[in-house]
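Read the structure below first, then the notes.
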Amino acid sequence: MNCSQMSEMKRRSRLADCGLNGLSLASYVMCDEFTIAVKGGTSIARVMTDANICGINRVHNYYLWAVSAVYLFAFSSIYLQIPGLYGDDGVLPVRAFAQLDKRGSTALVDAFRQVPSLVWLGPTIGLSLTSALEVIALMGIVVSFLQLVLKSFRDFWWYSLSLVLYFSIYQVGQTFMWFQWDTLLLEVGLLTALTAPLKLPFLVESGPHTGLTFWLVRWLLFRLMFASGVVKLTSGCPTWWGLTALDIHFESQCIPTPIAWFVHHFPSPLLKLSVVMTYVIEIVVPFLFFIPIKNLRIFAFVMQVIFQLAIILTGNYNFFNILTTVLCLSILNDSHLKSHSSSTASNTELKPKFLMPKLMTKVITYFIYFSLIYWTIHLFNINWNAGTLSISVNFNNNELNEFILWALPISISLATLSLVSNILKAFSRCLILPTNGFTRIVNLFYTTLYVSAVVFMFCISLVPHVSVDPTHSVKLWPVIHRWHKSVDKFPVVNSYGLFRRMTGVNGRPELVIEGSDDMSSVSGWKAYHFLYKPGDITKAPKFIIPHQPRLDWQMWFAALDNYQNNPWLMNLCYRLLTAQPEVLDLLDKSQLPFKKAPKFIRIRSYTYRYTGKNAKNWWRRADEKEYVPPVSKESLDKFIKANGIETVRTIDLTDKHPFVTKTLAFVRKLCTQLNSTSFIYSLFSVALLIANF
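Residue numbers for the sequence shown follow full-length UniProt numbering, so the first one is 1 and each next one is one higher.
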C-alpha cells in the first residue's frame with residue numbers, strides 16, 4: 001500500500017468516525033476554506049456547533065460585538081439631544097411632525113400608518129411623545145450595553161429589537177436624522193440581525209447560513225466604498241478632477257478636529273497624492289474583497305482601515321467611520337487573523353485548505369500589486385522631476401464613463417459568483433453536519449429560507465448600486481425593480497456617496513446667531529456660542545467622535561442655503577427668544593450672552609478660513625453678511641406656524657404616570673452630569689470593564 005492510499009484511508013476513517021459515512025470527500029472539503037481537524041477524540045459536533053463551520057467564528061463574534069458598540073454610540077448620542085430637538089418646545093417637535101395640534105388625536109393613527117414608529121404608541125400607554133422617544137432611546141442604550149457585556153444577547157432577536165428601536169427614532173427624526181450614516185446603520189442593523197444566531201430548537205446556534213449572511217455585509221461595504229469613490233468623479237466637481245479637494249476639505253468640513261488644521265497646511269502635492277489614494281482605496285481596492293487569496297484580502301482590509309482611521313483623526317463624523325471599519329471585518333475570516341490561539345475548544349484547530357497552488361497564488365497576487373501601482377501612476381500622471389512631485393488626472397470624462405460601463409457589470413458578476421459559491425457552501429455544510437435526520441432537515445429548511453432572503457437582498461441592492469451613474473446604469477430585470485419598489489418605503493437598501501461636490505472653495509460659510517434687547521444699538525448684539533461648530537475664532541476644534549451634535553451639523557448645511565429652506569432654524573430663533581431651557585442645553589451654556597431671553601434675534605453669515613501656521617488664533621473670518629434680519633418673538637410666530645409648528649397646544653399629551661416622569665427626569669439628570677462625549681465613553685468603558693471582569 002503506497003502513501004497516497006494510506007492517506008486516503010485515514011481521511012475516510014476520520015469521516016466514518018465523525019458519522020459522515022456516505023458523504024463525498026468533496027463535500028468535506030467544501031466546508032469553506034477550512035478542513036476541520038479533531039484531536040484527542042473530540043466530537044466534530046462540538047467543533048461545528050457555530051460559525052466554525054464557516055471559518056469565521058472569531059471574526060463573526062468580533063463583528064457582532066462591534067456593531068453593538070456602534071448601536072451604543074448612536075442611541076446614547078441621540079438620547080442626550082431628544083428634549084432640545086424633539087420635545088414639545090424643541091427645535092422640531094415630534095407633535096408638530098404628526099400635525100397633532102392641527103388635526104387632533106386622530107393624527108396619531110394616520111402618522112403610524114404613514115410613518116411607522118413605536119413613538120406613536122406612547123400616548124396609548126400614558127406617555128407623551130417626547131417621553132416615548134426617550135424611553136425608546138434608553139431601551140436602545142440598555143440593549144446595546146447588554147450585548148457588549150453578554151454574548152447571550154447577541155442574537156437575531158435582540159439585534160432585531162435594536163433595529164426596530166433605531167428605526168422608530170429615525171422615522172420621526174426629520175431633518176436631524178437624514179444622514180447617510182443613519183440609513184447605513186439601519187441597513188447594517190438588518191444584515192446583523194440576519195447573520196446573528198437565530199437560537200431556535202433543532203438549529204445549530206450559528207448555522208450553515210452564517211457565512212452566507214455575513215457575505216451580505218461584505219457586499220454592502222463594497223457598494224458603500226465604490227459609490228463613494230465614483231460619485232466624486234461623476235459629479236463633475238472641478239476640485240475632485242483637479243485633485244485639489246483636500247486643499248479645501250479639511251477647512252470646509254462640518255466639524256473639523258485639531259489635526260485637520262495641521263493637515264490642511266501639508267504641501268499641495270502631498271494632498272493631491274492623498275486624493276489619488278482616496279480614489280484607489282474607494283474605487284479599485286473594493287474589488288479585492290471578493291478575491292479568494294489571503295494576502296489580497298488582508299491588503300484590502302488594511303488599506304480600508306488605514307483610510308477610515310485617517311478620516312477619524314481629521315474629521316468628526318460621529319460613528320460613521322467606526323461603523324465602516326466594523327464592516328471591514330467582513331473581508332476577513334479566521335485564517336486571516338494572526339493568532340496561534342484556538343478559536344474553539346482547546347482540543348480543536350482549524351487548518352487552511354488552499355484552493356489553488358501556491359505558485360499561482362503568488363503570481364496573481366504580484367500581478368495585481370504591479371497593476372495597481374502601474375495604473376495609478378499612469379492614470380494620475382505621477383512624476384518626480386528635480387525634487388518636485390507632479391500629479392494630474394490623465395483621463396477624461398468619456399474614459400470615466402467607459403470605465404463605469406464595464407466596472408458595474410464586472411462588480412455584479414464578481415459578486416454573483418461569490419454569492420453562488422457561498423450558497424453552495426451553505427448547503428454543503430447542511431449535509432456534513434453530524435446531526436440526526438430530523439435536525440438535518442430543519443437545518444436545510446432554515447438554510448433555504450436564509451438563501452432566499454440573501455438572494456432577495458442582493459437583487460434589490462443592485463438598484464441603488466447601478467444608479468451610481470444613472471446615465472449609464474446597467475439594465476436590470478423588471479422583477480428586481482418591482483422587488484425594490486415593494487420595500488422602498490423602508491431603508492432596507494440605500495444609495496451612498498458622500499462629498500459629491502466640495503463646498504467652501506473660497507472659505508467656509510458660517511452662521512452666527514446674535515441677540516439684543518435694543519435693535520437699534522450696534523454694540524448691543526451678543527453672539528450665542530455652540531458647543532462644537534466653529535464660532536469663536538480663538539477656540540481650537542474638538543475631538544467629539546462618536547457623538548454627533550445634530551444641531552451643529554444642520555447649522556453647517558443651513559449656512560450653504562437660505563433660511564426659507566430651513567424653517568427649523570427660525571423655530572430655533574423662536575426658542576431662543578423664549579429662553580427654552582432644553583434648547584439652550586444644545587448650546588454652550590457657559591457662554592450664554594443673556595440671563596433672560598433677549599427681545600430680538602438676528603443671524604449673520606461669515607466666511608471662515610484657517611489661520612496661517614504662525615498665527616495665535618485657529619480661525620479668521622470676514623465678509624459679514626445679513627442672513628436673517630432682526631426678528632422678534634411676535635414676528636416669528638406667524639412664520640413658524642406657516643411651517644407646521646404650533647405654539648399653542650390644543651391636545652393634551654402629557655405623561656399620565658408621575659413615576660415614569662420622575663424616573664425619566666432622574667435618569668436624564670444623571671446622564672447629563674458629563675458632557676456628551678464623556679458620557680458615551682463612560683458607558684462604553686463600563687461595558688468593557690464588566691465584560692472583562
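Positions of the beta carbon are idealized from the N, C-alpha and C atoms, including for glycine.
query: Is Val667 helix, strand or coil when you go by DSSP?; result: helix
query: Go ahead and pull the three-state DSSP assignment for Pro292.; result: coil
query: Would a C-beta distance cut-off of 7 Å place Ile460 and Trp483 closer than the cut-off?; result: yes
query: Measure the CB-CB distance between Ile640 and Gly515 and report whether it falls below 7 Å.; result: no
query: Going by the beta-carbon positions, is the gap between Glu282 and Ser228 smaller than 7 Å?; result: yes
query: State yes or no: is the C-beta of Ala407 nearer than 6 Å to some heavy atom of the ligand NAD?; result: Looking at this structure, you won't find the ligand NAD or any other ligand, since it has none at all.
query: Please go through the same chain and pick out, in chain order, the residues whose beta-carbon is closer than 7 Å to the beta-carbon of Val94, but skip the five residues on each side of it.; result: Tyr86, Val119, Leu129, Thr130, Leu133, Val172
query: Does the stretch 247-260 come within contact of the stretch 491-506, defined as at least 3 CB pairs closer than 8 Å?; result: yes
query: For Ile545 and Ile312, which I take to be in contact (beta-carbon distance under 8 Å), what is that distance rounded to the nearest angstrom?; result: 6 Å
query: So, is Met457 buried or exposed, given that buried needs 16 or more other C-beta atoms within 10 angstroms?; result: buried
query: Exposed or buried, what is residue 703 when buried is set at 16 or more other beta-carbons lying within 10 Å of its beta-carbon?; result: This structure gives no information on residue 703, because the portion of the chain shown stretches from 1 to 693.
query: How about Val70 and Asn333: do their beta carbons lie closer than 7 Å?; result: no
query: Determine the direct distance from the alpha carbon of Leu417 to that of Ile78, and round the result to whole angstroms.; result: 40 Å
query: Tell me, please, whether the stretch 360-368 touches the stretch 265-279 by the rule of three or more beta-carbon pairs shorter than 8 Å.; result: no
query: Looking only at its chain, what residues have a beta carbon closer than 7 Å to the beta carbon of Trp556, apart from the 5 residues adjacent to it on each side?; result: Cys254, Lys533
query: Helix, strand or coil for Ala597 per DSSP?; result: coil
query: Using the Cα positions of Ser43 and Asn436, report the straight-line distance between them to the nearest angstrom.; result: Residue placement at Ser43 cannot be trusted, given a pLDDT of 39 that sits under 50; what the coordinates show is reported in the next sentence. If I take the Cα positions, the gap works out to 15 Å.
query: Please go through the stretch 243-298 and give each complete beta strand (DSSP E) segment of 3 or more residues, from N-terminal end onward.; result: none
query: Since Pro509 sits in a beta bridge, which residues does DSSP pair it with?; result: Thr607
query: Given a cut-off of 7 Å, decide if Pro509 and Pro256 are closer than it, judged by their beta-carbon atoms.; result: no
query: At a cut of 8 Å, does the stretch 174-194 reach the stretch 152-161 through at least three beta carbon pairs?; result: yes
query: Can the beta-carbon of Ala453 be found less than 7 Å from the beta-carbon of Pro208?; result: no
query: Using the Cβ count rule (16 or more neighbours within 10 Å means buried), how would you classify Trp178?; result: exposed
query: Is it right to say Thr278 is buried, meaning 16 or more other beta carbons lie within 10 angstroms of its own, or is it exposed?; result: buried
query: May I have the straight-line CA-CA distance separating Ile298 from Leu246, to the nearest angstrom?; result: 27 Å
query: Report the rounded CA-to-CA distance for Ser428 versus Gly242, giving the unit in angstroms.; result: 51 Å
query: Would Lys526 and Leu577 be called neighbours here (beta carbons separated by less than 7 Å)?; result: no
query: Just tell me which of Ser330, Ile293, Asn316, Met519 has its CA closest to the CA of Val305.; result: Ser330
query: Could you compute how far the alpha carbon of Ser495 sits from the alpha carbon of Asp518?; result: 49 Å
query: My assumption, with CB atoms under 8 Å, is that Leu186 sits in contact with Leu221. Please give the rounded CB distance.; result: Not a contact, Cβ separation roughly 16 Å.
query: Kindly identify the DSSP beta-bridge partner or partners of Asn422.; result: According to DSSP, which records beta bridges pairwise, Asn422 is partnered with nothing at all.
query: Decide if Ile373 is buried, meaning its Cβ has at least 16 other Cβ atoms within 10 Å, or exposed.; result: exposed
query: Distance, Cα to Cα, Pro197 vs Asp88?; result: 40 Å
query: Under 8 Å by Cβ, that's how I've got Asp655 and Gly126 pegged, so tell me the actual separation to the nearest angstrom.; result: 7 Å
query: Using CA atoms only, rank isn't needed, just tell me which of Thr210, Leu184, Trp181 is closest to Asp155.; result: Thr210
query: Taking the alpha carbon of His336 as the reference point, which residue from Gly612, Ala300, Ser685, Ala415 has its own alpha carbon closest?; result: Ala300
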